[in-house]
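Chains as they are written, first to last, in the working numbering: chain A, 1 to 395; chain B, 1001 to 1395. Quick reminder that beta carbons are idealized off the backbone N, C-alpha and C, glycines included.
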């Protein structure tokens, strides 16, 4: 357990270092043309963008420095060096490094969507090979109630690798679409990271302790650098984090989920992102018109946020969009205003949904509300993972 | 040997892919503000910069796709999977990926010098750990003539790791300072890569064949993507390659040199870079004034390049700069013009030296001359490595 203490101390150093580095590098980013204007503020000053690359690099460097420590015992006794665990860590860092590169390139160059879906898949390739070599367990345990029909486990073979590849793509993009107000991207990542770390600590006494220790090696420096980033990204944001941050975060969560065998538990911590994704589907797939920005509308006079809206001309409504609108209306998940020629609805994100359900509020309060929801969902996730899982599975 | 054929075929695909991708992405780079103006042309059009990141990414992705093939036999028989070799490849790719990220960040953000020296050192850390675990041979063989005093080999222990870390820093920066005219950076990298590949092929029948096979796995996709880059970077350049390219190239050469145990041979292929570095030292360390750009001066009327010059006020001359100037003059390595108050000399790069020795010439001819010199030096390197080495060492 010494190694966990050391990675904890290293992470504290990483926090201070990131915290000090961000203000120093801000001007460099603005000078390079990497900046945005905060749409939810009256001030139109330049806010540096893509600062996630700074915290990501510190995270990576910290992990590099930790390698000789993590394998300290192995280094003493080179005959029995755990080459397979070492390869796991290298593959994890390689996948994360790739995403850092891709995310930064995306922020700088504004890549097309197809690259965004293709490259995380390729970046997870080393990970999948390591998984194949070290574990190659492609079975899902079957709940007790279904075992009569399916047996105790179902081997889905190659599909399991497709599932893992898609996990990386999902995690990287899920955070990216639940974004747009100060501190939300980084805040949700912190909540997810804390949930994963809590889970690891609970399981550290179990027989899978090695896997959870591995997860902590990666999650602790990640959390530390992300907290430092949050400090500067919190309302009112002095820096924006960019796609870089979302990509690195998503890949980090996918990596620990896959290599430490709790990918389903990781997905449980993504409940708000899944809800947001499902709710967004009609707009993402353009069944319902989708404006370029879906973030809430800023009311400068009152300094509050209001739900942003999409206009649907009635002549464009097809069967599918009609059906979806009806379902959303019945479920009271949409605020619709109709006139002769068109219908306007709120943009379908849970950010706008919160504003509809709880009324207009300041940006700061909205972020806190959404993050509280994330925390509540993590609590539900733990309830599902522990008491409920024992009902469906043998402990 | 099947795997080498497959990596060869994959490399051909990588060449075509890179060649097709570069023109498509050119505008994206210019739009993102990543462009430069060619100082040695009359046209002042925008040339996209940092395109090395494109060839670098294709190189990396090709290597990822090759992983399952390289370890195909191992994957069939997971009991005897060569975890150590797998970790080597992962560490190599991790170091290269890091340099790609750093190089691109440098091109975008224009980082300070201390980061440029610090980060390659950190990026080579996974490499050094792999080296420690898999080999930890820190001895140099001693030439026969000296064995009476030193024994057959000298173990320099920890210093060997310092040497390897510095090798990465040297290789990344050596290419970077022998640059400035169309096609020179990429051209020299191609010559070095071809030299390394020839060496690997010669040694493929020796008892170290595994190490040289490993080197080919990395060098072939590197060469293919670099050739595609050269096509677009050759005179007149339609793209610039940026620091990204120099960093990735340097790290790639260092990686194969270290992990395949021929780092001294790799250094032999860097003779022109070493000469250029030594010749540049007085200016790099500011013993003699160093202007921001040292590339040759373009004469638009004649469309030729002429040596660029540095002015040294006589009152600033100290003992050291006087001594250096005297040595350079005696060795006829400098073109000096003196008046009452100051001395002007050519900037101390071998590019300018070529112009002094062989007269002003077109940019194209200068690049070809310098690359011919690089090829000649590689031939000398092979002479040193084979016939001469057998005089100093047992075969």
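Query, Result
"7 Å CB neighbourhood of residue 1105 of chain B in its chain, flanking five on each side removed", "1111"
"Candidates A:215, A:179, A:30 and A:210, of which the one nearest residue 194 of chain A by Cα", "A:215"
"Opposing strand residues paired with residue 1059 of chain B [DSSP bridges]", "Answer is none; residue 1059 of chain B lacks a bridge partner."
"Test: residue 33 of chain A CB closer than 8 Å to a CB of chain B", "yes"
"Between the CA atoms of residue 361 of chain A and residue 374 of chain A - distance to the nearest angstrom", "18 Å"
"CB contact below 8 Å: residue 1087 of chain B versus chain A", "yes"
"Residue 7 of chain A at chain B interface by Cβ criterion, 8 Å", "no"
"Inter-stretch contact (C-beta, 8 Å, three-pair minimum) for the stretch 317-327 of chain A and the stretch 374-387 of chain A", "no"
"Through-space distance from residue 1178 of chain B to residue 1346 of chain B, alpha-carbon basis", "15 Å"
"Sheet register partners of residue 311 of chain A (DSSP bridge)", "A:344"
"For residue 139 of chain A, three-class secondary structure by DSSP", "strand"
"For residue 1282 of chain B, the first and last residue of its enclosing alpha helix (DSSP H)", "1271-1284"
"Interface residues of chain B facing residue 61 of chain A [CB-CB closer than 7 Å]", "1122"
"Cβ-Cβ distance between residue 1280 of chain B and residue 1349 of chain B below 8 Å", "yes"
"Distance CB(residue 1328 of chain B)-CB(residue 1308 of chain B) smaller than 8 Å", "no"
"DSSP three-state assignment for residue 1365 of chain B, whether helix, strand or coil", "helix"
"8 Å Cβ cutoff, residue 101 of chain A in contact with chain B", "yes"
"Alpha helix (DSSP H) segment containing residue 1301 of chain B, residue limits", "Per DSSP, residue 1301 of chain B belongs to no alpha helix (DSSP H) and is neither H nor E."
"Exposure label - residue 1008 of chain B; buried when at least 16 CB within 10 Å", "exposed"
"Neighbouring residues, chain B, relative to residue 84 of chain A (Cβ below 9 Å)", "1081, 1083, 1086 and 1087"
"At least 3 beta-carbon pairs within less than 8 Å: the stretch 1210-1229 of chain B vs the stretch 1158-1172 of chain B", "no"
"8 Å contact criterion, which residue 35 of chain A and residue 48 of chain A should meet: CB distance rounded", "5 Å"
"Straight-line Cα distance separating residue 1393 of chain B from residue 1141 of chain B", "8 Å"
"Burial state of residue 1145 of chain B, where buried means 16 or more other Cβ atoms lie within 10 Å", "exposed"
"8 Å Cβ cutoff, residue 1104 of chain B in contact with chain A", "yes"
"Supposed contact pair residue 305 of chain A and residue 366 of chain A - C-beta distance, whole angstroms, cut 8 Å", "6 Å"
"Rounded straight-line distance, which links the Cα of residue 1282 of chain B to that of residue 1310 of chain B", "12 Å"
"Residue span of the alpha helix (DSSP H) that contains residue 153 of chain A, given as start and end", "No alpha helix (DSSP H) holds residue 153 of chain A; the beta strand (DSSP E) holding it covers 153-155."
"Under the three-state DSSP convention, the category residue 186 of chain A falls into", "helix"
"Reduced DSSP category for residue 1334 of chain B - H, G, I as helix; E, B as strand; rest coil", "coil"
"Stretch-stretch touch, CB-based, cutoff 8 Å, three pairs: the stretch 178-190 of chain A with the stretch 257-265 of chain A", "no"
"Length of the line joining the Cα atoms of residue 154 of chain A and residue 1086 of chain B", "30 Å"
"Coil, strand or helix - residue 1359 of chain B by DSSP", "coil"
"Boundaries (first-last residue) of the alpha helix (DSSP H) holding residue 120 of chain A", "113-123"
"Cβ-Cβ separation, residue 1385 of chain B to residue 1265 of chain B (assumed contact under 8 Å), whole Å", "6 Å"
"Where residue 1080 of chain B falls, given that 16 or more other Cβ within 10 Å makes a residue buried", "exposed"
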